[in-house]
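One line per chain: the protein sequences are A and B, in this order.
In this text, residue positions in the first sequence follow my numbering: the first is 1, and each later residue adds one.
In this text, residue positions in the second sequence follow my numbering: the first is 1001, and each later residue adds one.
All C-beta atoms, glycine included, are put in the ideal place defined by N, C-alpha and C.
Just so you know, these numbers come straight off a predicted model, no measurement behind them.
This report refers to the structure that appears directly beneath it.
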Amino acid sequence: MVKIFEVKNLSFSYGKNRVLKDICLEIVDGEFVGIVGPNGSGKTTFLKILAKILNLEKGIIFYKGRDFRKINIFDYAKEVAYLPSEIKFTFDMKVRNFLLLGRYPFLGRFGKEKEEILYEVSESLNIKKYLEKNIMELSEGERQRIYIAQIIIQNTGTILLDEPTSHLDIGYQFGIMDILKELNKKGITVVSILHDLNLAACYCSKLVLFKEGEIYKAGKPEEVLTYQNIEEVYNTKVLVYKNPFTDKINVFGIPSYILKKI
Amino acid sequence: MKKIIFIFLFFIFSIYFGVFFGSKIYTIKEIFNLSEIEKTILLKIRIPRVICAFIVGAGLSISGAVLQSVLKNPLAESYTLGISGGASLGITIGIMIGSLNSIPFFAFLGAILVLFLILTISIVKKLSTTSIILAGISLNFICSSLVLFLISISNYNRFYSTVLFLFGDLSSFSNRILIYSSILIFLSLIYFIFSGRVYDILSIDEEKAKTLGVKVNIEKNLTYLIACLISSLCVSLSGIIGFVGLIIPHIVRAITGSIHKKVIPFSFLIGGSFLVICDTISRTVISPVEIPVGVITGFFGGIFFLSLLLKAERIW
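Here you go:
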């Protein structure tokens, strides 16, 4: 098994504010990793370091055995793609043109675009009807599909996503996760921050639970999502059980007013 | 395709209008039987002026287009960021020191200084897109006031021409500066067009840009540097001409879409043509008296700027 990421003693701080402390983690080729944890626990910072958006300050990361710091971002973009939690456009743009920008790591300034891949991907994601539309005209769910399509066009072995399903209705949530699962089956390593623990339990092969800048627990969903862990990290009461239909972990939050009645 | 033909027709019309109209209006027939004096006037005065107007308009427009992209700010241009003001202050100081040949150099220094200032302020204070523009316009006013102050306390007796200069004026420019400005602005145009994809990506999202392999800081700094160079050349030629760099890229985006490989060359063509037409109007409308061209562009540009602000939520 090839280790995609091997993170050792990673720490990071914004000024004096220490956000990540002594993170150690291994991500292996073909895994579907969900990063979970409360708001402000350092998930996004961790993902941004893996994406080479933030500089690696303290600690060591190996990417496929190579020293992470020595890989330049242009080469890295051929290997690892990233989707931020929010994209703010300055100007409206045709979907087709937006998608083609995913080829930049292979084309650079001067390379000539080939449109075949565009049609292939938009066919498989069923977004052909949007190609000639402007991106701002689309709904949030449709837009998220377009962003994912751009990442598929970037054609990398690893993809990092920051809450790809937030703000989406349940239909689009499962739609996006299904696409990611499909990619994962084709051998792509997926690392995604997820807020919805049930989605995480359904789709991920491995979960990493963050608490206050540290990894509280990492492992299989049923090892990580125990009620003790969740109550400790999220500071709320939950009911955890195995869904007999999906055979996956389900987590129910319990409102405190009901808890008082019991 | 129709749009492209329309843009080229606009370009040809503007050149025709600029060359044939003025204090004396020529017909096509007349142009072939000119007296020696008329020929000299046409070749030595009017045509260079048309070229100058074109280069300035084109330069301001392409620098506006790329600044809007790298700052992710639809209101950015060298005027609203105060860069032009900085350049004019640099020029004034250069003139007072007495080195007329190095005017563009002083303009460049002033422009870079103001840009550095405004970028630092915006990063330290985390200003919003609109606040950056407010800061830029304030800096512009500070610089213009300093220019007027410096001129008043010196014994120059050139108060009127300085005012003209601050309003933008194409009636006096050095041919030498025009030649190398044309070359440099043309080279910048080529660089910008080839960086089109980079500007597309930068206008979307900086984090996304990094993970697509764009060296964000290098690209941005290089763009700032070139944009400052262009604006300082334009200010050296024509003084401060506001709003051209703001409105032209927006109009072009409405025509061609927001892909920079198209936006930049067409901003060059339309921006140049637009300023040629404005300049021709400024010297014909109450001929033989000339209105500073900045009065005309400022009038149209100001109205456009206002309408942009009022439709704000649609733009950003």
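Chain-ordered neighbours of residue i on chain B, where CB pairs are closer than 8 Å
i, result
"residue 90 of chain A", "1068, 1069, 1072, 1073, 1074, 1203, 1204, 1316"
"residue 52 of chain A", "1210, 1211"
Assigned secondary structure, residue i (DSSP; H/G/I helix, E/B strand, else coil)
i, result
"residue 109 of chain A", "coil"
"residue 1316 of chain B", "Residue placement at residue 1316 of chain B cannot be trusted, given a pLDDT of 42 that sits under 50; what the coordinates show is reported in the next sentence. In the structure shown, residue 1316 of chain B sits in coil (DSSP, three-state: anything other than H, G, I, E or B)."
"residue 1293 of chain B", "helix"
"residue 13 of chain A", "strand"
"residue 1110 of chain B", "helix"
"residue 1215 of chain B", "coil"
"residue 1044 of chain B", "helix"
"residue 56 of chain A", "coil"
"residue 23 of chain A", "strand"
"residue 134 of chain A", "strand"
"residue 262 of chain A", "coil"
"residue 165 of chain A", "coil"
"residue 250 of chain A", "strand"
"residue 153 of chain A", "helix"
"residue 1023 of chain B", "coil"
"residue 192 of chain A", "strand"
"residue 1302 of chain B", "helix"
"residue 240 of chain A", "strand"
"residue 1286 of chain B", "coil"
"residue 63 of chain A", "strand"
"residue 6 of chain A", "strand"
"residue 94 of chain A", "strand"
Nearest candidate by alpha-carbon position, reference residue i, set the options
i, options, result
"residue 284 of chain A", "B:1205, B:1190, B:1118, B:1122", "Outside the displayed span of chain A (1 to 262) sits residue 284 of chain A, for which this structure offers no information."
"residue 1265 of chain B", "B:1125, B:1058, B:1144, B:1141", "B:1058"
"residue 1016 of chain B", "B:1304, B:1274, B:1072", "B:1274"
"residue 166 of chain A", "A:39, A:149, A:241", "A:39"
"residue 271 of chain A", "A:183, A:152, A:222", "Outside the displayed range of chain A (1 to 262) lies residue 271 of chain A, so it cannot be described from this structure."
"residue 62 of chain A", "A:74, A:242, A:26", "A:26"
"residue 259 of chain A", "A:249, A:237, A:252", "A:237"
"residue 246 of chain A", "A:97, A:74, A:199, A:78", "A:199"
"residue 1121 of chain B", "B:1162, B:1252, B:1105, B:1081", "B:1081"
"residue 211 of chain A", "A:261, A:46, A:8, A:2", "A:46"
"residue 191 of chain A", "A:12, A:219, A:35, A:22", "A:35"
"residue 1091 of chain B", "B:1115, B:1286, B:1151", "B:1151"
"residue 1165 of chain B", "B:1209, B:1176, B:1270, B:1144", "B:1144"
"residue 1193 of chain B", "B:1262, B:1023, B:1131", "B:1262"
"residue 124 of chain A", "A:12, A:242, A:179", "A:179"
"residue 1001 of chain B", "B:1305, B:1256, B:1074, B:1293", "B:1256"
"residue 73 of chain A", "B:1251, B:1218, B:1223, B:1114", "B:1218"
"residue 161 of chain A", "B:1207, B:1077, B:1093", "B:1207"
"residue 1010 of chain B", "B:1282, B:1252, B:1064", "B:1252"
"residue 1195 of chain B", "A:129, A:104, A:249", "A:104"
"residue 1239 of chain B", "B:1085, B:1116, B:1043, B:1039", "B:1085"
8 Å Cβ cutoff, residue i in contact with chain B
i, result
"residue 94 of chain A", "yes"
"residue 110 of chain A", "yes"
"residue 101 of chain A", "yes"
"residue 87 of chain A", "yes"
"residue 104 of chain A", "yes"
"residue 77 of chain A", "yes"
Residue-chain proximity (residue i, chain A), Cβ-Cβ < 8 Å
i, result
"residue 1126 of chain B", "no"
"residue 1200 of chain B", "yes"
Beta-carbon neighbours of residue i, restricted to chain A and to distances below 9 Å
i, result
"residue 1259 of chain B", "93, 94, 97"
Chain-ordered chain B contacts of residue i [CB-CB under 7 Å]
i, result
"residue 74 of chain A", "1213"
Where residue i meets chain A, residues with beta-carbon distance less than 8 Å
i, result
"residue 1207 of chain B", "48, 51, 53, 82, 84"
"residue 1253 of chain B", "91"
Neighbour flag for residue i against chain C, beta carbons, 8 Å
i, result
"residue 1285 of chain B", "Considering every chain present, this structure includes no chain C. Its protein chains are A and B."
- Message: Under 9 Å, CB to CB, which of the residues in the region 1182 to 1198 of chain B have a partner in chain A?
- Response: From the region 1182 to 1198 of chain B, only 1194, 1195, 1196, 1197, 1198 have a Cβ closer than 9 Å to chain A.
- At a Cβ cut of 7 Å, what residues of the region 1003 to 1022 of chain B count as close to chain A, listed as they run along the chain? none
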